[in-house]
Structures are given as structure tokens and as C-alpha cells.
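To keep things clear, I will list the structure first and then write my remarks on it.
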Amino acid sequence: MNTRTITSRFALTSGLLLGMLAQLPATAQETDHWTPDRTAWGDPDLQGVYTFSTLTPLERPETLGDKATYTAEELAEAELQSNIRPTVAESPIQGNEYNAFWTSNEKGRLVARTSLIVDPPNGRLPPLTEHGQQISDERAAELASRQVGEEPLIYTLYDTWLDHPAYTRCVARPMPRIKQAYNHGLQILQTPDYVVIYYESMHDTRVIPLDGRPHIASNIHQWNGDARGHWEGDTLVVDWRNFTDKQDFRDIGLPQGNTRLVERITKIDENTIEYEVTVHDPMTWTQPWTLVAPWRADDPSFQNPEDLYEFACHEGNYRMMENSLNGSKTLRETYAVPK
Amino acid sequence: MKIWLRNLIGLAMISAGSAALLLAIESAAAQSSDYHHPRLIGTDNPDLNGVWQALNTANWDIRPHAAAPSALPDLLGAIGAVPPGLGVVEGNEIPYQPWASDKQRENFEGRLTRPLDRETNETTGDPEAKCYMPGVPRATYLPHPFQIVHTQSQVFVAYEFASAARIIHMDSQPPSPAPSWMGWSIGHWEGDTLVVEVTDQTELTWFDRAGNFHSDALRVTERYTPITPNHLHYEALIEDPNVFTRPWTISMPLYRRMEPNAQLLEFKCIEFAEMFMYEHLLESSSD
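Just so you know, the sequences run in chain order A and U.
Counting from 1, position 61 in the first sequence corresponds to residue 382 in this note's numbering; the numbering is continuous, with no gaps.
Counting from 1, position 35 in the second sequence corresponds to residue 138 in this note's numbering; the numbering is continuous, with no gaps.
What follows is the structure, encoded as C-alpha cells:
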């Protein structure tokens, strides 16, 4: 049982960071000697509490060109810099300093790659299809039509609750889940018939049947889709379909209705799951794309590594909705912007 | 339609064997059953994995009640009317303190009060209408299935309604970090019965649509006992000295969902509650 305090884990981590980085596997092949524990019925044991937060961006910054990985020195420096938490006085958000805390203290570690995306090889999302571009443009124009003010104070108007993304309405998060504002805990539970992934944020339980049953009828669309899983060696492969178009990838963006996800979930060492997911959505992107991200049980920024707690989001959202809708009415009057 | 038909057939079959079944339920309640439930692999405990559901009308009123019209008969006709029920409260009566009986009636009268301001939102109306997490024990007998995920070290419960969930701690007894909607659950085994102590629930959940309620001093002791391969006997002891004159108990069978490929579907009801909760905010500003 881990009874160390967050402080001591920080100290431990900074002291050992360089040593640990030196041991980072450069390729998956070097980890082949490590095999996960087995459950009582012989499946690889993935169970535990993990954080899916990571500082590595989804897409490689364009300035990095074809640089696919950082050197160990670059990585150590970047990680040390990014794990320094700002004090209130140092907060870049004047007047809302508290935001600097609840949005920034679960940073997660960097991986050696310069992007989570591994395919396409340039580390960036593939080009949108004509249809995808059209949807993206329409959404961007719609959002712009709801913005008032002048730099640096641009306000977004919310005339109805539906103007808020599903995240703000506490309904759901897009899949695949990648780093969000805060709250990245997940727990994996296993039985012979199911693998269950419980996400603290939005208290979403993903129940993955392993018995080879067919997907639910294609006319049933769900925020979190419908999962079917099977084992390939030590890897859990999960096929996701039946997503709703009401969900947006990256909150303001692309509908997910035609998306099919194929996840490959593999425990690669005592504290790390390698999470790989390929996104198939020929309506939106000109080719499938794949990301690989770490889920870590030993992340120094993970606040509750032993337990997940209740995420009562909608239950506390009344005032947010009241303030944002009333505030938008006032802004429309102030800036004389009719509906 | 087919699944519903199959449910009906299943119900008919349950009725056909009901005499034996009811005896089994009674004897389980009296802890004298000879039934031996399959074990969870790698343990000596009964395997509680499965998709389960109550088949009763406790969510309308946990007490005995006759059928009644819906709150909106002009809009809904007979749809939405209250189905009758024998009640799930042992002895039929909830032992309210006198003030609390009045409060329950007020709750019922105001059950569909729309939250036109913050205070109203926090004090009035059935939390189910707002898609708030249901708390325990209501989560168990909402008219939705739930799935028990029973592993060697934990029992996890995923509810279809509002995608609510809770972890039942079995190996350790960590302290509750804060009051919550689904409470803080610590479990242990007494023979083949899973006993769960649920504490630290907010005072904001109700027991049913009839406005039966509790305070934040609520303590629920649940007992889950397998009585056949496909039935659990469920009991919950309710203690709350702020509201009741004595502890009281509800009990009911829980049924395994028998459809081939039964699974929880999504009932993310926030999007069904938003019009009810926020429509008044669409009106033009008053000043």
C-alpha cells in the first residue's frame, strides 16, 4: 500500500527523475521481457487506478518539423519546468487565480515522443475530408458569431444551455479521452466476462463484454458508444461503435457519429499501461489516425492514486448555467448585439 | 418490442414458479436457505456479478400505494400514471418524527417544482426530475438495471440511471473524503451476504417520487444475499435520528436480467432535464 504523501512523492520523483528517464524504454521491443501478472482465470491483470493525463500534446508542434522524439536531456528539462506549480501570485489569470490550481495540478508526465499521435508519421491529425472541413468551418463560424468584445477580453455568449459543450453541461467527454482541464483518474476492474473502465470525470463506466456478442443495433447511438473486447496475447483490444453525433471531438469541433475506435490496452510495466487507439472516421478525416498515450499509476501529479471519488458535476452546475445565460443577456445589451 | 415481450414472458414464468420462489425469498430473509450460490473465481465468496434490476414500484412510493393519475393527465393521458404497489417498507409505515411527516407531504406537493432560482433548486422538487444522482437505496429500485462488477478485491456498482456509480471498499476502510450523492460504501461478508455500510450521503436525495426523505445523518446498511442463481434478496436498514423515531427496513428481491446479451445502455438524463431546469433563463433579461 502506498502511504507516502504527495510531498514525499514529489521529492522522490525529482531526485530520481533523471535516473528514471535513463531507463525509459526507447521502443516497445525492449519491454518484451516484462509480463503482467495474471488474474485467477489467466487473463493479463490490468487492474488498478491510473491517470491518463500527460503533458505530451496530441499533435506535434509544427515548429518541431520531423523531430519525432526528444533526447533524454530535453525531456528532463521540459518535465522539470512543466511540473513547477505556479503560486497564486504567479498565476497568469488575474482575477481568477484559483483556475491556475484546479486546471494545472494534474499535469502528467511527458513521453519521449513529441506528440501522442504516431500515425500519420508527422505526428499530426490527417487532413479533413471535404465534409469534415465543412462541418469544422460551420462550427467555427457559429462560435465566432457568439463572441463579443475586443482583445484581450473576448467573451463567448451562451444563449442556451445547448451553446455549451457537453463537457460544460456535465453530460460526457469525447472519446478517445485525452488530457482535459483536470480530473484524469480512471480505474480498471476485471472479471472473466468483462473489463470495466471507470472514469472519475463524468462518472462514466465503460463496461466491455469479452464474450464475442454482437454490437447493439446500429440505430442506437450513445455518448460513450458501445464496446466489445477481446484479448490478443497480453493486449486488450476494444472495438467501439454506436457513437452519437451530439458529441464533439475536442469539444468544439467534429461530430463523432460515424466514428469507430479500436483501442489496444497493454500493461507494459508495473505502473504503466500503454493506451493505443486508432480513430476510423472516413466522413471526417481522409485517413485513420492513431495515438499512443501512457496511463500511469505512479504519476507524481496524480492526487488520489489509490481511490476515485465522486464527480458530482451536473449536481453543482445550476449556478454556472444561471450565471452564464444571464451574463450573456447582459453582454448582448452592453455590446448591443441582438440575437 | 421483442425484448419487452421476452420480459413479459420471463415475468409470467416467474409468476408460474412464484409459490416456491416466494418461499425461497422468505427463507432467505430468515437466513435458513440451503441454497449454495456459485463462488467468485479465486475466492470463497458468492459471485454477485451480473445485470440486476428490481421489479416493483418502490420508485413511485416505497410505502403501499394505490394506482394514481400522472401529474399531467391532460398531456399524457394514462401514460405516466402511478402503478400501484404493495410497498417495500417492513411494517408498511415509515416512522417519521411529526415535523418530518409534514415535510414529506410538502415534498410530494412540490415534487415537480421547477428550479426558478438557486434556493428553490437546492430545497424543492424531486431530484430525479433534475437527473441528479439518486443516492442509496433509491439507486437500487429505480426502474433501470444496474451492473455489479465483483472482482477479487472490490465490488463496484454501475447504475444505468444518470451513469451513477459507486465503489464498495472491501479490503480497506478508507475514510470518506466528503459528503456525496452516492455516499461512501464500506462492505464486508457475513456468510453469503454482502453487507454494505453507506454513510456520508448529502441530504439532497429522496427515497422515491412520493417525497420520502432523510437528512445528512442517514446511515444505510444494505444486505445483498443470493437466493437462487438469478435472484438476490435485498434489504436496507435505514437509520437517521434527525428524521425518524427508530430505524426501519426496506426489502425486495432483485432479478437478474435474463435477456441474451443483456447490458446497461446509456441513460444520460441531464439532456432530458435541462429544459425543465433552465428554460426560465431563456427569457429576456428583466431590467
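Just so you know, even glycine gets a beta-carbon here, dropped at the ideal spot from N, CA and C.
Just so you know, these numbers come straight off a predicted model, no measurement behind them.
Helix, strand or coil for residue i per DSSP?
{"i": "Ser-645 (chain A)", "result": "helix"}
{"i": "Trp-155 (chain U)", "result": "strand"}
{"i": "Glu-591 (chain A)", "result": "coil"}
{"i": "Tyr-244 (chain U)", "result": "helix"}
{"i": "Gly-637 (chain A)", "result": "helix"}
{"i": "Glu-300 (chain U)", "result": "strand"}
{"i": "Ala-267 (chain U)", "result": "coil"}
{"i": "Leu-582 (chain A)", "result": "strand"}
{"i": "Thr-384 (chain A)", "result": "helix"}
{"i": "Ala-132 (chain U)", "result": "The pLDDT assigned to Ala-132 (chain U) is 48, lower than 50, so where the model puts this residue is not dependable; a value taken from the coordinates is nonetheless given after this. DSSP places Ala-132 (chain U) in helix when its eight states are reduced to three."}
{"i": "Asp-569 (chain A)", "result": "strand"}
{"i": "Glu-193 (chain U)", "result": "coil"}
{"i": "Pro-230 (chain U)", "result": "helix"}
{"i": "Ala-361 (chain A)", "result": "coil"}
{"i": "Arg-326 (chain U)", "result": "strand"}
{"i": "Ala-397 (chain A)", "result": "helix"}
Spatial neighbours of residue i within its chain, please: CB distance less than 8 angstroms, with the 5 preceding and 5 following residues excluded, ordered by chain position.
{"i": "Arg-527 (chain A)", "result": "Val-517, Ile-518, Tyr-519, Tyr-520, Asn-545, Ala-548"}
{"i": "Arg-359 (chain A)", "result": "Pro-365, Asp-366"}
{"i": "Arg-494 (chain A)", "result": "Ala-487, Tyr-488, Gln-501, Tyr-520, Ser-522, Met-523, Asp-525"}
Taking a contact to mean a Cβ-Cβ separation below 8 angstroms, would you say residue i touches residue j in this structure?
{"i": "Asp-555 (chain A)", "j": "Val-583 (chain A)", "result": "no"}
{"i": "Asp-311 (chain U)", "j": "Ala-161 (chain U)", "result": "yes"}
{"i": "Arg-214 (chain U)", "j": "Gly-314 (chain U)", "result": "yes"}
{"i": "Thr-611 (chain A)", "j": "Glu-597 (chain A)", "result": "yes"}
{"i": "Tyr-235 (chain U)", "j": "Glu-395 (chain A)", "result": "no"}
{"i": "Ile-541 (chain A)", "j": "Leu-385 (chain U)", "result": "no"}
{"i": "Thr-599 (chain A)", "j": "Lys-500 (chain A)", "result": "no"}
{"i": "Ala-614 (chain A)", "j": "Tyr-371 (chain A)", "result": "no"}
{"i": "Leu-510 (chain A)", "j": "Phe-259 (chain U)", "result": "yes"}
{"i": "Thr-308 (chain U)", "j": "Pro-237 (chain U)", "result": "yes"}
{"i": "His-272 (chain U)", "j": "Ile-289 (chain U)", "result": "yes"}
{"i": "Leu-464 (chain A)", "j": "Ser-457 (chain A)", "result": "no"}
{"i": "Ala-242 (chain U)", "j": "Phe-264 (chain U)", "result": "yes"}
{"i": "Ala-320 (chain U)", "j": "Pro-350 (chain U)", "result": "no"}
{"i": "Asp-569 (chain A)", "j": "Pro-486 (chain A)", "result": "yes"}
{"i": "Pro-280 (chain U)", "j": "Tyr-488 (chain A)", "result": "no"}
{"i": "Pro-329 (chain U)", "j": "Pro-149 (chain U)", "result": "yes"}
{"i": "Leu-143 (chain U)", "j": "His-317 (chain U)", "result": "no"}
{"i": "Tyr-199 (chain U)", "j": "Phe-347 (chain U)", "result": "yes"}
Taking the alpha helix (DSSP H) that residue i falls in, what are its first and last residues?
{"i": "Phe-373 (chain A)", "result": "Per DSSP, Phe-373 (chain A) belongs to no alpha helix (DSSP H) and is neither H nor E."}
{"i": "Tyr-381 (chain U)", "result": "373-381"}
{"i": "His-452 (chain A)", "result": "451-465"}
{"i": "Glu-222 (chain U)", "result": "221-226"}
{"i": "Arg-208 (chain U)", "result": "201-212"}
{"i": "Asp-547 (chain A)", "result": "That residue, Asp-547 (chain A), is in no alpha helix (DSSP H); its beta strand (DSSP E) goes 547-553."}
{"i": "Leu-178 (chain U)", "result": "176-179"}
Whole-angstrom Cβ separation of residue i and residue j, contact assumed at under 8 angstroms?
{"i": "Met-285 (chain U)", "j": "Val-239 (chain U)", "result": "6 angstroms"}
{"i": "Thr-302 (chain U)", "j": "Arg-326 (chain U)", "result": "Not really, about 16 angstroms apart at Cβ, beyond 8 angstroms."}
List the endpoints of the continuous beta strand (DSSP E) containing residue i.
{"i": "Leu-510 (chain A)", "result": "506-511"}
{"i": "Thr-605 (chain A)", "result": "Note, Thr-605 (chain A): premise wrong, no beta strand (DSSP E); not H, not E."}
{"i": "Asp-525 (chain A)", "result": "525-530"}
{"i": "Arg-430 (chain A)", "result": "First-last for Arg-430 (chain A): undefined, no H or E at that position."}
{"i": "Asp-560 (chain A)", "result": "556-562"}
{"i": "Glu-293 (chain U)", "result": "287-293"}
{"i": "Asp-440 (chain A)", "result": "438-440"}
{"i": "Met-355 (chain U)", "result": "351-359"}
{"i": "Glu-471 (chain A)", "result": "468-471"}
{"i": "Phe-259 (chain U)", "result": "257-262"}
Give me, in chain order, the residues of the same chain whose beta-carbon lies closer than 6 angstroms to that of residue i; leave out the 5 immediate sequence neighbours on both sides.
{"i": "Asp-602 (chain A)", "result": "Asn-579, Thr-580"}
{"i": "Val-192 (chain U)", "result": "Ile-165, Arg-166, Ile-353"}
{"i": "Pro-447 (chain A)", "result": "Pro-441, Trp-606, Thr-607, Gln-608, Trp-610"}
{"i": "Gly-190 (chain U)", "result": "Arg-166, Pro-167"}
{"i": "Pro-218 (chain U)", "result": "Asn-224, Met-380"}
{"i": "Ser-645 (chain A)", "result": "Tyr-479"}
{"i": "Leu-151 (chain U)", "result": "Ile-251, His-253"}
I'd like the list of long-range same chain contacts for residue i, defined as Cβ closer than 7 angstroms, with 5 residues on each side in sequence excluded.
{"i": "Ala-365 (chain U)", "result": "Val-154"}
{"i": "Gly-444 (chain A)", "result": "Glu-380, Arg-381, Ala-389, Thr-435, Ser-436, Ile-438"}
{"i": "Gln-134 (chain U)", "result": "Only weak support is given to the placement of Gln-134 (chain U): the predicted model assigns it a pLDDT of 48, under 50, and the value that follows is read from those uncertain coordinates. Nothing meets the Cβ criterion."}
{"i": "Ser-649 (chain A)", "result": "Leu-478, Tyr-479, Asp-480"}
{"i": "Phe-632 (chain A)", "result": "Asn-504, Glu-521, Ser-522, Met-523, His-524"}
{"i": "Glu-532 (chain A)", "result": "Just to set this straight, residue 532 (chain A) is Asp in the shown sequence, not Glu. These residues qualify, in order along the chain: Asp-514."}
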